[in-house]
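Notes follow once the structure below has been shown.
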Amino acid sequence: MAKVGFIGLGIMGAPMALNLQKGGHQLFLHDQKAPAQELVDGGATVCASGAEVAKNADIIITMVPDTPHVDAVLFSENGVAAGLSKGKIVVDMSSISPIATKEFAKKINALGCEYLDAPVSGGEVGAKAASLTIMIGGSEAAFATVKPLFELMGKNITLVGGNGDGQTTKVANQIIVALNIQAVAEALLFASKAGADPAKVRQALMGGFANSRILEVHGERMVKRTFNPGFRIELHQKDLNLALQGAKAMGVSLPNTAATQELMNSCAANGMSGLDHSALCRAIEIMSNHEIAKA
């Protein structure tokens, strides 16, 4: 049984922490809101700060929305770094800047501790089912220590390389996901406007080369109009912004990523930033004055 700290208990973090608890580990929790009662009833200890979490736990996991949040959680006055002692491991499972991640790792390493960046893919469904894809950057020794915890939260677990490489992989993942959501949206809108039943079109396409997890899950959301968030548009906006910032810094062009980001910007401008990223279809629906399906 490991002593595990978990900071950030939102849509993703809460079920991830619960899976660790079900795996028999002792949890020390901190969040802006009160943790889920299920975690408390299961024996988790609620801590007043990140520093308190770090003092009690040997492995500290963070799962928060963006780069500034990770910076604050780790390095604020009562942050994780203030409670660390040599030999502990910090694992950031948020999706943030690869460049900032490398700097965070250096600061944690200077305290005699290991740092892993381990962003995830799979959304709320994957978090609940413990089937997340986890892409990791850091040392092989730290990875070997934390791997049993990763195995309680995910299935496809890969040590990609050094610090920052996990976050780079996640940015690449988000490019692929965003462009696939847009492709599915355009295809279903085209079919619907042409007079075909989008639900049956989707069913037919799932039997061919166009099949994908995006068509399966998000295509169904578009047809059924179920846009309650598993992964919010505003978070995917953030991830594509990381991609475009990185592309600019490296001098490469990501034209379709830029175009898809503009469609997400359109959704946000129309008050949809809190919807699931499958609601990206709403941008082209507005542009086309036609909805894929009716609620």
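Numbering follows the numbering used here, with no gaps: position 178 of the sequence shown is 974. Cβ atoms here follow ideal geometry from the backbone N, Cα and C, with glycine treated the same way. Being a predicted model, the structure only gives us computed values, none of them experimental.
Query	Result
Exposure label - Arg-1009; buried when at least 16 CB within 10 Å	exposed
Range covered by the beta strand (DSSP E) that runs through Glu-1030	No beta strand (DSSP E) holds Glu-1030; the alpha helix (DSSP H) holding it covers 1029 to 1046.
Ordered list of beta strand (DSSP E) runs contained in the region 859 to 924, each at least 3 residues	885 to 888, 910 to 913
Where Thr-897 falls, given that 16 or more other Cβ within 10 Å makes a residue buried	buried
N-terminal and C-terminal residue of the beta strand (DSSP E) that Ala-826 is part of	First, the residue type needs correcting, since residue 826 is His and not Ala in the sequence shown. 822 to 826 is the extent of the beta strand (DSSP E) around His-826.
At least 3 beta-carbon pairs within less than 8 Å: the region 989 to 1005 vs the region 927 to 947	no
Three-pair Cβ contact test at 8 Å for the region 879 to 896 versus the region 831 to 841	no
Of the listed residues Tyr-911, Asn-1037, Phe-946, nearest to Ala-970 (C-alpha basis)	Looking at the sequence itself, residue 970 is Gln, so the reference to Ala does not match. It is Asn-1037.
Rounded straight-line distance, which links the Cα of Asn-852 to that of Ala-1055	46 Å
Burial state of Gly-1067 (16 or more Cβ within 10 Å)	exposed
Coil, strand or helix - Leu-1071 by DSSP	coil
Residues near Glu-1081 by beta carbon distance below 6 Å, same chain, minus five either side	Glu-1087
First through last residue of the beta strand (DSSP E) which encompasses Thr-929	928 to 933
Cut-off 6 Å between Cβ atoms - residues of its own chain near Ala-914, not counting five sequence neighbours on either side	Val-887, Met-889, Ile-930, Ile-932, Gly-962
Residues near Lys-795 by beta carbon distance below 8 Å, same chain, minus five either side	With the chain represented from 797 up to 1091, any question about residue 795 goes unanswered, as that position is not in the structure.
Cβ-Cβ separation, Glu-899 to Ser-935 (assumed contact under 8 Å), whole Å	About 17 Å separates the two Cβ atoms, so there is no contact after all.
Candidates Ala-925, Ser-927, Asn-959, of which the one nearest Ala-937 by Cα	Asn-959
Spatial distance of Ala-1113 from Gly-820 (CA atoms)	Outside the displayed range of the chain (797 to 1091) lies residue 1113, so it cannot be described from this structure.
Where Lys-1090 falls: helix, strand or coil (DSSP)	coil
Residue closest to Pro-811, alpha-carbon to alpha-carbon, out of Glu-920, Ala-1091, Pro-1051, Asp-993	Glu-920
Inter-stretch contact (C-beta, 8 Å, three-pair minimum) for the region 1017 to 1027 and the region 946 to 960	no
Residue from Ser-1062, Cys-1063, Leu-1040 with nearest C-alpha to Asn-1052	Leu-1040
Simplified DSSP state of Leu-955, which is helix, strand or coil	strand
Integer-rounded CB distance, given that Lys-951 should sit under 8 Å from Ser-917	So it is not a contact: roughly 11 Å between Cβ atoms.
Within the region 950 to 1026, ranges of the beta strand (DSSP E) (whole runs, at least 3 residues)	950 to 957
Residue of Lys-1034, Gly-1070, Gly-809, Ser-1074 minimising C-alpha distance to Gln-1057	Lys-1034
Delimiting residues of the beta strand (DSSP E) encompassing Gly-809	Per DSSP, Gly-809 belongs to no beta strand (DSSP E); it is in the alpha helix (DSSP H), 809 to 818.
Nearest-angstrom beta carbon gap, Lys-902 and Phe-871 [assumed within contact, 8 Å]	Not a contact, Cβ separation roughly 12 Å.
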